[in-house]
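Undergrad: Here you go, one structure.
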């Protein structure tokens with residue numbers, strides 16, 4: 004099994020894809036390496052959040068994704 | 004002809020009638036005399052307004068109602 | 006689109022709002038407030054009286070001030086007079102705008118003024134007795150917000 | 006009455022609001038905001054994407070906070086996802102309460118949070134090109150009012 008990384012909203016365009024699979028476990032440093040420089044730049048901004056296994060991380064640098072978990076990269080939102 | 008005095012809202016109950024006719028012209032002092040003590044007390048409160056000929060008076064003590072005009076006594080409002 | 010009315014018969018807010026929304030093509034948002042006679046408080050009937058030479062002209066002036074103060078596309082302001090039963094609509098204010106803030110604030114502004122600064126007098130019947138209702142202190146405080 | 010939904014197909018706000026009003030007997034007032042895709046600005050289509058594990062749970066949490074903060078009888082919160090045409094409703098929030106202040110403020114609160122703090126991403130198509138939309142500075146300022 005693996006970790007699925009999902010690119011939401013404008014990060015999808017920046018990454019050039021909707022999702023990718025990487026080997027588990029996945030931590031913050033590993034995430035920055037696999038997503039490409041443009042997305043990595045965005046991830047380091049406070050306004051971009053990360054959810055792991057359906058929970059938004061209070062501290063995204065503490066990411067610890069295990070086999071089968073989904074990591075969602077969440078840029079600034081805009082609804083309504 | 005005469006001046007019609009209209010009692011609006013709760014002033015109607017206080018006056019015991021909806022309207023009365025009095026001789027023209029009608030000024031502030033004359034109004035206080037004809038409406039009865041209870042209504043006169045109310046009229047002297049800032050929160051009670053007077054309209055003459057369809058206009059609310061900025062200074063109700065300046066009332067000068069002529070023949071055929073309607074004087075409306077307007078207690079605190081409550082809509083919606 | 007501007008639609009200011011005093012109605013002496015029951016009305017259907019949904020129908021008014023549907024027409025109003027359709028009459029403002031290109032809008033970004035519509036905010037609507039509908040006030041009804043409460044039915045949970047032992048009120049058997051409610052009666053709103055008005056003073057014809059002032060009431061509708063006063064509502065038109067309120068609409069003028071609302072258009073001057075907020076960036077609106079349209080304003081609907083409908084107020085009942087006469088005797089009403091619990092559950093019947095008393096008032097409906099709807100504002101259409103490009104952006105939600107103007108629409109929401111315009112409705113808030115109109116309602117505060119209709120409640121405590123328009124030419125209506127309201128009384129309720131409870132246990133067969135009529136009681137005149139004055140605005141609550143909260144209503145006067147709400148109105149005072151707009152003087153700032 | 007609490008009704009929180011994500012919809013992937015067009016909806017009729019009037020029908021939802023009618024049902025919602027009927028489902029809250031005894032209410033004093035209902036405030037409703039409906040946001041639509043603007044049609045005056047060269048926008049050909051609008052698309053709202055979301056992240057399913059977070060979006061509806063986030064709206065439920067927003068509803069919890071709204072009930073905790075305001076004295077409400079009912080809350081309806083419906084948000085579209087997917088692709089929409091100009092003139093189509095995007096969002097409908099309706100609050101029923103005994104008093105108008107709670108109803109109006111609850112709608113204002115929900116809309117500010119849906120606009121700038123719920124898990125949606127919005128893009129517009131103009132001249133055949135898609136552009137991602139971020140909240141305006143006004144939207145962030147509106148949201149910040151509730152932190153006081």
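Protein chains in written order, with our numbering: chain E, 4 to 83; chain L, 4 to 83; chain U, 6 to 153; chain A, 6 to 153.
Cβ coordinates follow ideal geometry from the N, Cα and C atoms, glycine included.
None of the values given here were measured: they were computed from a predicted structure.
Quick check: is the beta carbon of residue 66(E) nearer than 8 Å to any beta carbon in chain A?
TA: Closer than 8 Å: no.
Undergrad: Going along chain L in order, which residues have a C-beta closer than 7 Å to the C-beta of residue 40(U)?
TA: Under the 7 Å cutoff, chain L gives 83.
Undergrad: Given a threshold of 16 other Cβ atoms within 10 Å of its Cβ, counted over all protein chains shown, does residue 62(E) qualify as buried or as exposed?
TA: The residue is exposed, with fewer than 16 neighbouring Cβ atoms inside 10 Å.
Undergrad: With a cut-off of 8 Å, does the C-beta of residue 15(U) fall near any C-beta of chain A?
TA: Not one chain A Cβ lies under 8 Å of residue 15(U).
Undergrad: Can at least three beta-carbon pairs, one atom from the segment 118 to 136 of chain U and one from the segment 39 to 56 of chain U, be found at a separation below 8 Å?
TA: Because the criterion of three Cβ pairs below 8 Å is met, the segment 118 to 136 of chain U and the segment 39 to 56 of chain U touch.
Undergrad: Per DSSP, which one or two residues make a beta bridge with residue 135(A)?
TA: Beta-bridge pairing links residue 135(A) to 130(A).
Undergrad: At a cut of 8 Å, does the segment 71 to 80 of chain E reach the segment 69 to 84 of chain A through at least three beta carbon pairs?
TA: Output reads no: the segment 69 to 84 of chain A does not touch the segment 71 to 80 of chain E.
Undergrad: Taking DSSP as the reference, what is the three-state secondary structure of residue 52(E)?
TA: Strand.
Undergrad: When the distance is taken between beta carbons, is residue 38(L) closer than 8 Å to residue 126(U)?
TA: It is not a contact, given that the beta carbons lie outside the stated cut-off.
Undergrad: Helix or strand or just coil, what does DSSP make of residue 7(E)?
TA: Correct three-state label for residue 7(E): strand.
Undergrad: Does DSSP put residue 64(U) in a helix, in a strand, or in coil?
TA: DSSP places residue 64(U) in helix when its eight states are reduced to three.
Undergrad: Per DSSP, what kind of secondary structure is residue 19(A) in: helix, strand or coil?
TA: Helix, per DSSP.
Undergrad: From what residue to what residue does the beta strand (DSSP E) around residue 7(A) run?
TA: Run containing residue 7(A): 7 to 12, per the beta strand (DSSP E) assignment.
Undergrad: Relative to the C-alpha of residue 97(U), which residue among 91(U), 104(U), 115(U) is closest?
TA: For residue 97(U), the nearest C-alpha among the options comes from 115(U).
Undergrad: Between residue 106(U) and residue 143(A), how many whole angstroms is the CB-CB distance? I'm expecting something under 8 Å.
TA: Right, their Cβ atoms sit about 7 Å apart.
Undergrad: Can you find a CB in chain L that lies within less than 8 Å of the CB of residue 151(U)?
TA: Output row for residue 151(U): interface = no.
Undergrad: For residue 104(A), which option in 79(A), 95(A), 135(A), 122(A) has the closest C-alpha, if you only look at C-alpha atoms?
TA: Among 79(A), 95(A), 135(A), 122(A), the Cα nearest to that of residue 104(A) belongs to 79(A).
Undergrad: Could you tell me the alpha carbon to alpha carbon distance between residue 42(L) and residue 28(U), rounded to whole angstroms?
TA: Answer to the nearest angstrom: the Cα atoms are 47 Å apart.
Undergrad: In three-state DSSP terms, what is residue 37(E)?
TA: In the structure shown, residue 37(E) sits in a helix (DSSP, three-state: H, G or I).
Undergrad: Where does residue 26(L) sit, in a helix, a strand or coil, going by DSSP?
TA: Residue 26(L): strand per DSSP, three-state reduction.
Undergrad: With residue 95(A) as the anchor, note down where its beta strand (DSSP E) starts and where it stops.
TA: Per DSSP, residue 95(A) belongs to the beta strand (DSSP E) from 94 to 102.
Undergrad: Among 49(L), 30(L), 51(L), 83(L), which has the Cα closest to the Cα of residue 69(L)?
TA: It is 30(L) whose Cα lies nearest to the Cα of residue 69(L).
Undergrad: Anyone know if the C-beta pair for residue 92(A) and residue 33(U) falls short of 8 Å?
TA: Result no, Cβ atoms of residue 92(A) and residue 33(U) do not sit closer than 8 Å.
Undergrad: Going by DSSP, what residue range makes up the beta strand (DSSP E) through residue 38(A)?
TA: Residue 38(A) -> beta strand (DSSP E) spans 34 to 41.
Undergrad: Applying the 10 Å Cβ sphere with the 16-neighbour rule, what's the burial state of residue 85(U)?
TA: When all chains shown are included, residue 85(U) counts as buried.
Undergrad: Give the interface partners of residue 22(U) over in chain L, defined as CB-CB distance under 7 Å, in chain order.
TA: Within chain L, no residue comes near residue 22(U); the closest Cβ sits about 17 Å away, beyond 7 Å.
Undergrad: DSSP beta-bridge partners for residue 68(E)?
TA: Per DSSP, 29(E).
Undergrad: Are residue 37(A) and residue 37(U) closer than 8 Å when you measure CB to CB?
TA: Result yes, Cβ atoms of residue 37(A) and residue 37(U) sit closer than 8 Å.
Undergrad: Is there a Cβ from chain A that is less than 8 Å from the Cβ of residue 57(E)?
TA: Yes - at least one Cβ of chain A is within 8 Å of the one on residue 57(E).
Undergrad: Work out the CA separation of residue 51(L) and residue 119(A) for me, nearest whole Å.
TA: Rounded to whole angstroms, residue 119(A) to residue 51(L) spans 45 Å at the Cα level.
Undergrad: At a Cβ cut of 8 Å, what residues of the segment 28 to 39 of chain A count as close to chain U, listed as they run along the chain?
TA: Within the segment 28 to 39 of chain A, the qualifying residues are 30, 31, 32, 33, 34, 35, 36, 37, 38, 39.
Undergrad: DSSP beta-bridge partners for residue 125(U)?
TA: Beta-bridge pairing links residue 125(U) to 55(U).
Undergrad: Using CA coordinates, which residue listed in 24(L), 4(L), 14(L), 21(L) is at the minimum distance from residue 46(L)?
TA: Nearest of 24(L), 4(L), 14(L), 21(L) to residue 46(L), Cα basis: 14(L).
Undergrad: When the Cα atoms are used, what is the spatial distance from residue 11(L) to residue 152(U)?
TA: C-alpha separation (whole angstroms): 27 Å.
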